[in-house]
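For reference, the structure discussed in these notes is given below.
Protein chains: 2
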Amino acid sequence: MPGKLKKSVSMSVIRRLPRYYRFTGELIEQGIVRISSGELAKRMAVTASQIRQDLNCFGGFGQQGYGYNLVELREEIGKILGVDQSYKTVLIGAGNLGAAIAAGMNFKKYGCELIGVFDSDPNKHGKKVAGFKIQGLEALGEFCKREAPDMAVLCTPKSAVHELADALISYGVKAFWNFGHYDLSLTHKDILVENVHLGDSIMTLTYEIRNN
Amino acid sequence: MPGKLKKSVSMSVIRRLPRYYRFTGELIEQGIVRISSGELAKRMAVTASQIRQDLNCFGGFGQQGYGYNLVELREEIGKILGVDQSYKTVLIGAGNLGAAIAAGMNFKKYGCELIGVFDSDPNKHGKKVAGFKIQGLEALGEFCKREAPDMAVLCTPKSAVHELADALISYGVKAFWNFGHYDLSLTHKDILVENVHLGDSIMTLTYEIRNN
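Protein chains in written order, with the working numbering: chain S, 4 to 215; chain A, 4 to 215.
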């Protein structure tokens with residue numbers, strides 16, 4: 004069982020953890036109770052030694068000759084990922100994508116709780132998205148002081164991200180799930196940023212089409 | 004100028020290319036005409052030698068003592084990424100996220116052309132998304148035979164991805180931009196897949212919040 008996490012787990016290991024979490028969930032759904040690192044590796048198309056090394060970063064979970072108890076493994080990975088938490092989350096930018104994320108993303112499943120939706124467009128104010136009345140940005144400061152959100156989802160155009168992040172950081176928000184095509188971590192230090200740059204993603208695919 | 008691409012450019016280099024494309028665009032918008040690899044590196048928070056190495060994979064662009072001509076560099080990176088192409092694209096799954104992608108994504112900017120939107124839900128058929136009448140999946144085979152799309156955007160639940168990919172591959176589609184939480188490349192070989200797993204992404208952020 005992992006206790007306090009070791010420091011300095013590399014980002015590449017961390018980025019693989021959600022996939023372990025997904026896969027163990029699928030295997031449990033299939034009625035599988037335990038699995039060897041070799042069998043898990045085969046199903047995930049990675050090497051058994053990578054799985055063992057990755058999980059050892061968090062204290063190790065398997066038992067020699069028995070393999071992994073899937074329910075336990077999944078639960079522990081979930082705790083490491085924070086899905087047992089309830090991080091208060093605000094979403095800024097209720098355009099097409101923002102509204103889709105607000106309405107379609109199962110935040111609770113990932114340890115988050117959506118508590119408010121904001122947009123700069125007065126025509127949207129008072130309309131509902133995912134059960135939340137869209138509020139204006141002028142209400143954001145007061146809201147953050149009262150609710151102290153842990154995380155902000157930024158679904159705004161690139162041009163708005165910089166200023167919004169300034170404001171949110173001054174309100175105490177420290178983590179950003181950023182869909183704006185702006186490299187927040189370049190200008191804002193000491194915050195946690197996870198970028199979803201859809202344009203970068205589709206260009207990786209067009210590269211592959213062009214060069215295959 | 005890069006001619007025919009060298010083989011075996013690593014995925015990590017390819018994944019950095021869109022960022023170069025974005026950054027050079029921003030610098031040009033700021034009126035900058037040329038830049039040294041050192042200055043570009045500083046702005047992108049990477050090392051100059053990484054920039055030189057990355058771009059050398061494609062034949063090199065800079066000129067000793069002059070640096071990079073930004074307009075030329077961006078144009079060449081764009082060509083390598085295929086943004087000067089017009090890959091025919093179908094989108095399957097017109098739920099919250101699919102509709103947002105169809106309506107909000109500037110496909111043309113990334114060398115793609117949306118040509119049709121499909122959904123399994125009969126209640127959606129005939130309704131319009133991004134100017135396209137949503138069609139039923141039963142029309143997909145005929146449509147693909149006629150239009151020969153290069154790429155499919157999958158915005159369907161995980162459970163539908165496997166079967167849909169089977170069908171689309173049999174219709175000749177070879178590239179998939181996959182928003183379904185299903186590892187398509189594990190079961191379908193010889194296709195190009197770019198995954199956007201939003202759940203994995205948000206869990207990377209909750210990990211950071213939990214462990215910082």
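Ideal Cβ placement from N, Cα and C applies to all residues, glycine included.
Closer than 7 Å to chain A by CB, residue i
{"i": "Ala48 (chain S)", "result": "yes"}
{"i": "Tyr23 (chain S)", "result": "no"}
{"i": "Lys204 (chain S)", "result": "What sits at residue 204 (chain S) in the sequence shown is Ser, not Lys. Taking Cβ atoms only, chain A reaches closer than 7 Å to Ser204 (chain S), which makes this a yes."}
{"i": "Ala168 (chain S)", "result": "no"}
{"i": "Lys7 (chain S)", "result": "For Lys7 (chain S), the predicted model reports a pLDDT of 48, less than 50, meaning its position is unreliable; a value from the coordinates is still stated below. So, not an interface residue."}
{"i": "Ser15 (chain S)", "result": "no"}
Residue-chain proximity (residue i, chain S), Cβ-Cβ < 7 Å
{"i": "Asp122 (chain A)", "result": "no"}
{"i": "Glu145 (chain A)", "result": "no"}
{"i": "Glu211 (chain A)", "result": "yes"}
{"i": "Thr207 (chain A)", "result": "yes"}
{"i": "Arg18 (chain A)", "result": "yes"}
{"i": "Ala155 (chain A)", "result": "no"}
{"i": "Asn99 (chain A)", "result": "yes"}
{"i": "Ala133 (chain A)", "result": "no"}
{"i": "Ala51 (chain A)", "result": "no"}
{"i": "Ala103 (chain A)", "result": "yes"}
{"i": "Met4 (chain A)", "result": "Interpretation of Met4 (chain A) is limited by its pLDDT of 41, a score under 50 that renders its predicted location unreliable; the figure taken from the coordinates is listed afterwards. No, no contact with chain S."}
Per DSSP, the bridge partner or partners of residue i
{"i": "Tyr71 (chain A)", "result": "A:Ile38"}
{"i": "Ala155 (chain S)", "result": "S:Val93 and S:Phe179"}
{"i": "Asn198 (chain A)", "result": "A:Asn181"}
{"i": "Val132 (chain S)", "result": "S:Phe135"}
{"i": "Gln66 (chain S)", "result": "S:Gly70"}
{"i": "Cys115 (chain A)", "result": "A:Tyr90"}
{"i": "Phe121 (chain S)", "result": "S:Ile95 and S:Gln138"}
Between the CA atoms of residue j and residue i - distance to the nearest angstrom
{"i": "Leu76 (chain S)", "j": "Thr209 (chain S)", "result": "37 Å"}
{"i": "Met108 (chain A)", "j": "Gly175 (chain S)", "result": "31 Å"}
{"i": "Glu42 (chain A)", "j": "Ala102 (chain A)", "result": "40 Å"}
{"i": "His165 (chain S)", "j": "Thr190 (chain S)", "result": "8 Å"}
{"i": "Tyr69 (chain A)", "j": "Leu58 (chain A)", "result": "16 Å"}
{"i": "Asp169 (chain S)", "j": "Asn72 (chain A)", "result": "32 Å"}
{"i": "Lys112 (chain A)", "j": "Ala44 (chain S)", "result": "38 Å"}
{"i": "Gly202 (chain S)", "j": "His200 (chain A)", "result": "15 Å"}
{"i": "Ser123 (chain S)", "j": "Lys161 (chain S)", "result": "14 Å"}
{"i": "Ser15 (chain A)", "j": "Cys158 (chain A)", "result": "25 Å"}
{"i": "Gly28 (chain S)", "j": "Phe64 (chain A)", "result": "47 Å"}
{"i": "Gln66 (chain A)", "j": "Asp186 (chain S)", "result": "27 Å"}
{"i": "Cys1 (chain A)", "j": "Asn215 (chain S)", "result": "Any answer about residue 1 (chain A) is impossible in this case: the structure gives chain A only from 4 up to 215."}
{"i": "Phe2 (chain A)", "j": "Asp87 (chain S)", "result": "Limits of chain A in this structure are 4 at one end and 215 at the other, which puts residue 2 (chain A) out of reach."}
{"i": "Cys147 (chain S)", "j": "Gly96 (chain S)", "result": "16 Å"}
{"i": "Ser188 (chain A)", "j": "Asn181 (chain A)", "result": "10 Å"}
{"i": "Ile80 (chain S)", "j": "Ala142 (chain A)", "result": "42 Å"}
{"i": "Leu140 (chain A)", "j": "Pro125 (chain A)", "result": "10 Å"}
{"i": "Phe110 (chain A)", "j": "Ser11 (chain A)", "result": "27 Å"}
{"i": "Val74 (chain A)", "j": "Ile194 (chain S)", "result": "33 Å"}
{"i": "Glu197 (chain S)", "j": "His184 (chain S)", "result": "12 Å"}
{"i": "Ala49 (chain A)", "j": "Ser13 (chain S)", "result": "It should be pointed out that residue 49 (chain A) corresponds to Val in this sequence rather than to Ala. Val49 (chain A) and Ser13 (chain S): Cα-Cα distance of roughly 17 Å."}
{"i": "Tyr23 (chain A)", "j": "Ser173 (chain S)", "result": "30 Å"}
{"i": "Val93 (chain S)", "j": "Val120 (chain S)", "result": "6 Å"}
{"i": "Lys82 (chain S)", "j": "Gly62 (chain S)", "result": "13 Å"}
{"i": "Val36 (chain S)", "j": "Gln53 (chain S)", "result": "21 Å"}
Cβ separation of residue i and residue j, assumed to be a contact under 8 Å, to the nearest whole Å
{"i": "Ala178 (chain S)", "j": "Met154 (chain S)", "result": "4 Å"}
{"i": "Ile118 (chain A)", "j": "Glu150 (chain A)", "result": "6 Å"}
{"i": "Leu30 (chain A)", "j": "Ile38 (chain A)", "result": "6 Å"}
{"i": "Tyr90 (chain A)", "j": "Ile137 (chain S)", "result": "The pair is not a contact, with the Cβ atoms about 35 Å apart (cut-off 8 Å)."}
{"i": "Gly2 (chain A)", "j": "Gly85 (chain A)", "result": "The structure shown does not extend to residue 2 (chain A), since chain A spans only 4 to 215, so no value can be given for it."}
{"i": "Val156 (chain A)", "j": "Ile104 (chain A)", "result": "6 Å"}
{"i": "Met21 (chain A)", "j": "Thr207 (chain S)", "result": "Sequence inspection shows Pro at residue 21 (chain A); the Met mentioned does not correspond to that position. About 6 Å; that satisfies the 8 Å criterion."}
{"i": "Arg46 (chain S)", "j": "Phe26 (chain S)", "result": "7 Å"}
{"i": "Asn99 (chain A)", "j": "Ala51 (chain S)", "result": "Contact flag wrong, Cβ pair sits at about 39 Å."}
| request: With 8 Å as the C-beta to C-beta threshold (strictly closer), list the residues of the segment 63-94 of chain A near chain S in chain order. | output: Listed in sequence order: Ile83, Leu84, Gly85, Val86, Gln88 and Tyr90.
| query | When Cβ atoms are compared, which residues of the segment 172-198 of chain S fall closer than 7 Å to chain A? | reply | Going along the segment 172-198 of chain S in chain order, one finds Ala178, Trp180, His184, Leu189, Leu195 and Glu197 with a Cβ nearer than 7 Å to chain A.
| query | Which residues, in chain order, does the segment 105-121 of chain A contribute to contact with chain S at a C-beta distance below 9 Å? | reply | Of all residues in the segment 105-121 of chain A, Ala105, Ala106, Gly107, Met108, Asn109, Phe110, Lys112, Tyr113, Gly114 and Cys115 have a Cβ within less than 9 Å of some Cβ in chain S.
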